[in-house]
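In short: position in the sequence shown from 1, add 90, done, that's our numbering.
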Amino acid sequence: MSKEPRAGREEILECQVMWEPDSKKNTQMDRFRAVVGAAYGLALENYDDLYHWSVESYSDFWAEFWKFSGIVFSRTYDEVVDTSKGIADVPEWFKGSRLNYAENLLQHGENDGVALYVAREGREEIEKVSFEELRRQVALYAAAMRKMGVRRGDRVIGYLPNSVHAVEAMLAATSIGAIWSSTSPDFGVNGVLDRFSQIQPKLIFSVEAVVYNGKEHDHIDKLQQVVKGLADLKKVVVIPYVSSREKIDISKIPNSVFLEDFLATGQGAQAPQLEFEQLPFSHPLFIMFSSGTTGAPKCMVHSAGGTLIQHLKEHVLHGNMTSSDIILYYTTVGWMMWNWMVSALATGAAVVLYDGSPLVPTPSVLWDLVDRIGITILGTGAKWLSVLEEKDVKPVETHSLQTLHTILSTGSPLKAQSYDYVYRCIKSSVLLGSISGGTDIMSCFVGQNPSIPVYRGEIQARNLGMAVEVWNEEGKAVWGESGELVCTKPLPCQPTHFWNDENGSKYRKAYFSKFPGVWVHGDYCRINPKTRGIIMLGRSDGTLNPNGVRFGSSEIYNIVHPQRQESGNGREADHRWENRGAPQSLLEPRDPGFVPGRPRAAGLLSRASWHVPEPHTSVLSLLCIQEVT
91 MSKEPRAGRE EILECQVMWE PDSKKNTQMD RFRAVVGAAY GLALENYDDL YHWSVESYSD
151 FWAEFWKFSG IVFSRTYDEV VDTSKGIADV PEWFKGSRLN YAENLLQHGE NDGVALYVAR
211 EGREEIEKVS FEELRRQVAL YAAAMRKMGV RRGDRVIGYL PNSVHAVEAM LAATSIGAIW
271 SSTSPDFGVN GVLDRFSQIQ PKLIFSVEAV VYNGKEHDHI DKLQQVVKGL ADLKKVVVIP
331 YVSSREKIDI SKIPNSVFLE DFLATGQGAQ APQLEFEQLP FSHPLFIMFS SGTTGAPKCM
391 VHSAGGTLIQ HLKEHVLHGN MTSSDIILYY TTVGWMMWNW MVSALATGAA VVLYDGSPLV
451 PTPSVLWDLV DRIGITILGT GAKWLSVLEE KDVKPVETHS LQTLHTILST GSPLKAQSYD
511 YVYRCIKSSV LLGSISGGTD IMSCFVGQNP SIPVYRGEIQ ARNLGMAVEV WNEEGKAVWG
571 ESGELVCTKP LPCQPTHFWN DENGSKYRKA YFSKFPGVWV HGDYCRINPK TRGIIMLGRS
631 DGTLNPNGVR FGSSEIYNIV HPQRQESGNG READHRWENR GAPQSLLEPR DPGFVPGRPR
691 AAGLLSRASW HVPEPHTSVL SLLCIQEVT
């Protein structure tokens, strides 16, 4: 296997093991490593060997995982990828193949096992939806969509809470070959129109109201304004979510119809059959959006096949997920973690949809769900863990958590102290997986791994097939030093293109302007040469460089406010899991005694003599509902 660059001079202060895999358990990662070794006559002794093979022979890696994952397809591929093309060329993957994303998620349709658990703030009951019921409902949605003229390539959007309706509408749209895009009700009118007006949707699904933090928030007025700004809309489907339809007035919304009436248009004498359009691997599946902090939000188009195979890799290999798992990721439909979570249905696992505050009626609401449902994988924002620690919440003393084997964290920096909190106050035997990537790839560059240890303050590993390196300002790979997170080889999950970017100039500028031909993700990080773990240091476009010494946002913020790592502004700043705020905002006073320019600020550099090992930066404060305008 290839050698890494020589370790740099930066000091690594600790390599404290927090969790180790059970040597008696054979994970799916282990089984895949054995399959590859046997197929290619390789002695792959550990994950590091497998990782290096996966990036050096990336075409073979993705071909092997295609087989291992059991992807449902109607036609196999002629070629995995043209390896003569680089990542900046955006090569076509699995050329000649035909498949359908929704079909893969609904392949367990004859199974009466639970596909979705649906929980909502303020409601005691938990709804269960079987795979069979889900498939039947998706067929109704799809039939109604076809009846109104939705075709392959049309855009269908959701302005929805994290609900069963969002999953059903998304699967129906993608079964037809339409392109799905969504955002959550906490987005304001301008924020929604900045995004959706660019993609000319034909159909929108929304609700009349939502409940959050113990309060009902009306949604009709915002929906009415959004509809006025979307000239190409043919139909507006309103879902009675909080109130009954008799109490909802949609008369002022043009072309609007209640969900029940919309679904009735697709029903005939017999229940409609669900048909899955067989599409190229590269067919558009989702349109996701950048923050729009430097202009109109960029519209990133993700392919059906690329999203599917990447999510399966992360769920099956990196998550060791099986059909016996139950996953809840606390998210909204406007964050890519929603798409990522729902893809878990392809493994036969059950998905928990929770809509509401994670702190109401008590800070233990998610732990209550873990015990009530038997959740095995819980994903959340790092800020939530920090808040629980501040509130002295100790689930280890109040909850069983017997089924829980993995906690995933992203969204804002996961402090090294949070590792201590999880293993001391939540569960000592859980795998705490810090993960980092972004909407740009709909997945992770680095993340959890069930076959290697968890070290305090570190992301476990670079993910399979992701040729991740850390480069200095001279464009040289460094090992043990801080630098830019880059990816040097093609990915099936990179956007196929940006919407309304005919010559590709926005795409090239977004990722390839700093180091031509190499994807620059915009994260500032370091790889620990001892553990090979990744230490995320902040956004590279949010670093300070006094006297040539670079500092990431998370390390400075951790020094200024060691007990409060997140800005907590409640706004979805960007889907790159980042904080794009100006660096000086990190130095704004948070207590009366802090005055800019006093010796306390001057002491920053001496206290930051090395890069504090704090993982990735903020994208979404998941703790309060505030409108994104």
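Using N, Cα and C, we set each Cβ at its ideal position, and we do this for glycine too.
Taking residue i as the reference, give the member of the options with the closest Cα.
i	options	result
V208	V560, S630, L478 and L443	L443
V391	P374, E404, L402 and I399	P374
H142	R552, P606 and P585	R552
S346	K318, Y545 and S372	K318
T722	V145, Q197 and E200	With the chain covering only 91 through 719, there is no way to say anything about residue 722.
E487	S271, W457 and A557	W457
G358	K481, P543 and K237	K237
H587	A259, S253, F158 and A178	A178
M108	Y597, M532, Q507 and D482	Q507
C577	N280, M556, Y597 and C583	M556
I417	G464, Y545 and D510	G464
S159	T412, T421, G594 and G469	T412
I310	I467, Q492 and S333	S333
N194	F605, V170, K324 and R225	R225
V171	S187, F352 and Q288	S187
E223	G203, R241 and I216	G203
V316	T355, W430, D308 and L283	L283
Return the CA-CA distance between residue i and residue j, expressed in angstroms with no decimal places.
i	j	result
W152	L313	42 Å
Y191	L364	13 Å
E704	D139	Only weak support is given to the placement of E704: the predicted model assigns it a pLDDT of 25, under 50, and the question is left unresolved by the model.
D110	F602	The identity of residue 110 in the sequence shown is Glu, whereas the question assumes Asp. Straight-line Cα distance between these residues: approximately 38 Å.
E404	Y137	15 Å
L320	Q290	7 Å
D120	E592	43 Å
G642	S630	Since pLDDT at G642 reaches only 44, below the 50 mark, its modelled position is unreliable, and no value is offered.
E350	A232	14 Å
L196	A128	32 Å
F277	S253	16 Å
V326	K342	12 Å
E336	R123	58 Å
L554	G304	42 Å
G131	K218	46 Å
I497	H198	26 Å
Less than 8 Å separating the beta-carbons of residue i and residue j?
i	j	result
F379	P387	yes
N590	C389	yes
F366	S271	no
H401	Q538	no
T452	G471	no
G382	V301	no
E614	G623	The sequence shown places Tyr at residue 614, not Glu. Not in contact: Y614 and G623 (Cβ atoms no closer than 8 Å).
F221	A205	yes
E306	I338	no
G239	I269	no
A229	P448	no
V560	V536	no
M235	G248	no
L134	S164	no
T273	G424	yes
Y509	G469	no
Q227	E182	no
V610	E574	yes
S541	T117	yes
Our contact map puts residue i next to residue j with C-beta atoms below 8 Å; I'd like the distance itself, whole angstroms only.
i	j	result
D461	H495	Not confirmed; about 14 Å, so no contact.
E94	V125	Wrong, their Cβ atoms sit about 25 Å apart, outside the cutoff.
G569	I625	The residue you asked about is not Gly; residue 569 is Trp in the sequence shown. Their Cβ separation, rounded to whole angstroms, is 13 Å, which puts W569 and I625 out of contact at 8 Å.
F295	L250	6 Å
Q584	I531	6 Å
V512	L522	5 Å
K175	R245	Actually they do not touch by this definition, with Cβ atoms about 29 Å apart.
Specify, as a first and last residue, the run of the beta strand (DSSP E) that residue i falls within.
i	result
S272	I269 to T273
G469	I467 to G471
T397	Careful: T397 lies outside any beta strand (DSSP E), inside the alpha helix (DSSP H) at A394 to L402.
G527	S526 to G528
In terms of residues, what are the limits of the alpha helix (DSSP H) holding residue i?
i	result
P485	P485 to T488
I310	I310 to K318
Y302	Not the alpha helix (DSSP H): Y302 falls in the beta strand (DSSP E), residues A299 to Y302.
T264	V254 to I266
H611	H611 -> not in any alpha helix (DSSP H); beta strand (DSSP E) instead, spanning W609 to I617.
E135	Counting along the chain, E135 falls outside any alpha helix (DSSP H), and DSSP gives it neither H nor E.
A205	No alpha helix (DSSP H) contains A205, which is instead part of the beta strand (DSSP E) from V204 to R210.
A129	Q118 to Y130
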